[in-house]
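Chains as they are written, first to last, in this note's numbering: chain W, 20 to 356; chain R, 20 to 356.
Cβ coordinates follow ideal geometry from the N, Cα and C atoms, glycine included.
2 protein chains.
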Amino acid sequence: MIIDCHGHYTTAPQSLWDWRKGQVADPKNFSKKLNISDQEIRDSLEGAQLKIQRERGTDLTFFSPRAGSMEHHVGDVKVSEAWSRECNDLIHRACTLHPANFAAVCQLPQSPGVPPANCIPELERCVNELGFIGCNLNPDPSGGWWKEPPLTDRWWYPLYEKLVELEVPAMVHVSSSCNPAFHFTGAHYINADTTAFMQFLTSDLFKDFPALKFVIPHGGGAVPYHWGRYRGLAQDMKRPPLKELLLNNVYFDTCVYHQPGIDLLLKVIPADNILFAAEVVGAVRGIDPETGRYYDDTRQYIENAPGLPDADKKKIFSGNVGKVYPRAARLLRRPGP
Amino acid sequence: MIIDCHGHYTTAPQSLWDWRKGQVADPKNFSKKLNISDQEIRDSLEGAQLKIQRERGTDLTFFSPRAGSMEHHVGDVKVSEAWSRECNDLIHRACTLHPANFAAVCQLPQSPGVPPANCIPELERCVNELGFIGCNLNPDPSGGWWKEPPLTDRWWYPLYEKLVELEVPAMVHVSSSCNPAFHFTGAHYINADTTAFMQFLTSDLFKDFPALKFVIPHGGGAVPYHWGRYRGLAQDMKRPPLKELLLNNVYFDTCVYHQPGIDLLLKVIPADNILFAAEVVGAVRGIDPETGRYYDDTRQYIENAPGLPDADKKKIFSGNVGKVYPRAARLLRRPGP
Chain W
20 MIIDCHGHYT
30 TAPQSLWDWR
40 KGQVADPKNF
50 SKKLNISDQE
60 IRDSLEGAQL
70 KIQRERGTDL
80 TFFSPRAGSM
90 EHHVGDVKVS
100 EAWSRECNDL
110 IHRACTLHPA
120 NFAAVCQLPQ
130 SPGVPPANCI
140 PELERCVNEL
150 GFIGCNLNPD
160 PSGGWWKEPP
170 LTDRWWYPLY
180 EKLVELEVPA
190 MVHVSSSCNP
200 AFHFTGAHYI
210 NADTTAFMQF
220 LTSDLFKDFP
230 ALKFVIPHGG
240 GAVPYHWGRY
250 RGLAQDMKRP
260 PLKELLLNNV
270 YFDTCVYHQP
280 GIDLLLKVIP
290 ADNILFAAEV
300 VGAVRGIDPE
310 TGRYYDDTRQ
320 YIENAPGLPD
330 ADKKKIFSGN
340 VGKVYPRAAR
350 LLRRPGP
Chain R
20 MIIDCHGHYT
30 TAPQSLWDWR
40 KGQVADPKNF
50 SKKLNISDQE
60 IRDSLEGAQL
70 KIQRERGTDL
80 TFFSPRAGSM
90 EHHVGDVKVS
100 EAWSRECNDL
110 IHRACTLHPA
120 NFAAVCQLPQ
130 SPGVPPANCI
140 PELERCVNEL
150 GFIGCNLNPD
160 PSGGWWKEPP
170 LTDRWWYPLY
180 EKLVELEVPA
190 MVHVSSSCNP
200 AFHFTGAHYI
210 NADTTAFMQF
220 LTSDLFKDFP
230 ALKFVIPHGG
240 GAVPYHWGRY
250 RGLAQDMKRP
260 PLKELLLNNV
270 YFDTCVYHQP
280 GIDLLLKVIP
290 ADNILFAAEV
300 VGAVRGIDPE
310 TGRYYDDTRQ
320 YIENAPGLPD
330 ADKKKIFSGN
340 VGKVYPRAAR
350 LLRRPGP
């Protein structure tokens, strides 16, 4: 079984984006009901995520709203709450229509400067009422201006308490960038991954929350490439070794779009801490002329990784899911219809 | 011959930091003369950079002021100008005392929101009067708030015109971070490298300045690890292949502190675009328990890289310097005393 822990509903029907446009234009008087049929949802997935699952032989995708559209920086907290609810409801419908193909991951109604505890009701609704198994947590709801306290600050603790209670991990995922310095998928996403890891490295967060789980997407940003630097920085700071300090709580996905990158990831990060992912349909959509295959067909890189033991491959493709996403593991154990 | 293109005077005598403290405390009335003897300079280098050169068998270091202390965000442009001048003069003295060991690279008197053209007089002084061969350019003089236009904006063009005229490359190097989200050597440095590369990728800067040369330090941030992502993003944007788009102008150093990282760098980036560097005495000072050698002894990783042809090794250690740092190449051709 191959589980992709990182997929976004980038292909959602146009009505969703039109709804958002209306909401942003006049949030106070906006009351339009989002009107999308089941067939429209099916159509939006059929030629995209579902087709790709079939072509690449992957089974289940952890499916969340489009990351670039979370836009926590747009409007106030009420706007963020209403938008998150619509996006999450649509994810729920997609997952209900295709329960064998998708498990639901929610967007949180974060808003710059608003204590993250405000996300708890929507998180509980998604998890307890709708069966969601994970969430995306934005370390920078300002959209590229990085004004929030680090993820290790007590600012975030009430939300972490709830995550632990619900047995839900958070993928650290920023949204679009309003800062002209940062291209969103080429710089902001990758920088956020690197930034979050370094925040974790310098803190005792996981002493306070030994059961809290984070997935750092995009192969961990720059972290595996600079693994020696991070080991050395931790050592200079008299921190415990990274394995002991972080690797019970921090996991990396495999959204790295070429063989040498995946080979490095597999070499330096223990297989126990790697989760398969492709982020399709996502940031890179073309075919690599060097391989003749899609850049984001990350399964091929894992399959072709030299010397990767079968047991490790199994952990990466599905075996690690249980310890990071216990709710997904329970879904998978549920008898079929 | 082994040339290290990235060294900072992190071990400068305490008087320099005391001078800075005085300057920052009361910039208007501060008029103290910096008083450091030649012997103090020699002593500050002897047990550090010079010892390391001897131990590791490297020959020449391109030597610049401590990056974390450039602090372009502290005080106004006058403060930055006075501080840069002191730092650069000290670098000049260190290089004059040890002309076989160091070639000088200057700090620029940048200041947030101040057009970079203000740096031209200090750049000209350093290059034309003092024989400097390169400079460090900070893409974020705000110190972690990223308020400056991207490096590809016309904002920077007057400085680029001067760099081209003087045949001086710029290393893209941020200073310390005031933003609590970004640890300076663990996140801000690496993010800046990634950010700058993506800025270059999305622009036509090098059509306007075909002779402009940038060195991206710290192994290019996250870029080589995500080389497939960057190739794919460029392709989706209908940009030319990266080699054609950037690799006549953008170079990567080897400050990556473990063997798998260097192996990846050497695999994906052409040897023509890699410059040897260690950044000593720098961000990581310990000994790697996995190898028993210093993390930042990057020469070992190049020497041990499997299958690296001797010709490529020569390019990386010294051969590429001529095309990036023509003034250094001329220094090296100068007959000795």
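Report task. Less than 8 Å between the CB atoms is what I'm expecting for P177(R) and P135(R), so what's the real figure, rounded? Result -> 7 Å
**Report entry** Check whether G26(R) and V299(R) have beta carbons under 8 Å apart
**Finding:** yes
Requested in this report: Check whether the Cβ of R312(W) lies closer than 8 Å to any Cβ atom in chain R.
Outcome: no
Requested in this report: Report all residues from its chain with a CB closer than 6 Å to the CB of F225(R); omit the five preceding and five following residues, and keep chain order.
Outcome: N268
Query raised in the report: Under the three-state reduction of DSSP, which class applies to R304(R): helix, strand or coil?
Result: coil
Requested in this report: Answer yes if the region 319-328 of chain R comes into contact with the region 270-281 of chain W, meaning at least three C-beta pairs across the two stretches below 8 Å, and no otherwise.
Outcome: These segments do not touch.
**Report entry** Backbone CA spacing between R75(W) and S196(R) [nearest angstrom]
**Finding:** 43 Å
Query - Where the beta strand (DSSP E) containing G26(R) begins and where it ends - result: 22-28 is the span of the beta strand (DSSP E), which, as asked, contains G26(R).
Query raised in the report: Under the three-state reduction of DSSP, which class applies to S83(R): helix, strand or coil?
Result: strand
Query raised in the report: In angstroms, rounded to a whole number, what distance separates the CA positions of F82(W) and A302(W)?
Result: 15 Å
Query - Euclidean distance between Cα positions of F295(R) and N198(R) - result: Each residue's alpha carbon lies about 30 Å from the other.
Query raised in the report: DSSP state of G66(R), grouped into three classes?
Result: Helix at G66(R).
Report task. Taking only beta-carbon positions, decide if T204(R) is within less than 8 Å of chain W. Result -> yes
Query raised in the report: Taking the C-alpha atoms as reference points, what is the distance between Q72(R) and M20(R)?
Result: If I take the Cα positions, the gap works out to 12 Å.
Report task. Identify, in the order they occur along the chain, each residue of the same chain with its Cβ nearer than 6 Å to the Cβ of D78(W), setting aside the five sequence neighbours on each side. Result -> M20, I21
Query - Close beta carbons around G305(R), own chain, < 8 Å, minus the five adjacent residues each side - result: Around G305(R): Y313, Y314.
Report task. Excluding the 5 residues preceding and the 5 following H92(R) in the sequence, name in chain order all residues of the same chain whose CB lies nearer than 7 Å to its CB. Result -> Exclusion of the five residues before and after H92(R) leaves P131, P160, S161, G162, C197 as the residues of its chain whose Cβ lies within less than 7 Å of its Cβ.
**Report entry** Nearest neighbour of D37(W), chosen from D62(W), W102(W), K47(W) [CA to CA]
**Finding:** The shortest C-alpha separation from D37(W) is found at W102(W).
Query - Simplified DSSP state of G153(W), which is helix, strand or coil - result: strand
Query - Inter-stretch contact at 8 Å, needing at least 3 Cβ pairs: the region 282-294 of chain W / the region 326-344 of chain W - result: yes
**Report entry** Q129(W), DSSP secondary structure in three states
**Finding:** coil
**Report entry** Same chain, Cβ closer than 7 Å to V287(R), neighbours up to 5 away in sequence not counted
**Finding:** Answer for V287(R): P243, W246, listed in chain order.
Query raised in the report: When the Cα atoms are used, what is the spatial distance from Q278(W) to D108(R)?
Result: 47 Å
Query raised in the report: Mapping DSSP to helix, strand and coil, what is F233(W)?
Result: strand
Query raised in the report: Does the distance from the C-beta atom of F233(R) to that of P289(R) stay below 8 Å?
Result: Contact: no.
Requested in this report: Compare the Cα-Cα distances from K166(R) to each of G87(R), V193(R), Q33(R) and report the closest residue.
Outcome: V193(R)
Requested in this report: Check whether the Cβ atoms of N210(R) and F219(R) lie closer than 8 Å to each other.
Outcome: no
Query raised in the report: Whole-angstrom Cβ separation of N48(R) and S34(R), contact assumed at under 8 Å?
Result: Rounded, the Cβ-Cβ distance is 19 Å, inconsistent with contact.
Report task. Could you tell me if A215(W) is buried or exposed, where buried requires 16 or more neighbouring beta carbons within 10 angstroms of its beta carbon? Result -> By the neighbour-count definition (other C-beta atoms within 10 Å, threshold 16), A215(W) is a buried residue.
Report task. Specify the secondary structure class of M217(R) as computed by DSSP and reduced to three states. Result -> For M217(R), the three-state secondary structure derived from DSSP is helix.
Requested in this report: Kindly list, in the order they appear in chain R, the residues whose Cβ is closer than 7 Å to that of P199(W).
Outcome: P168, P169, listed in chain order.
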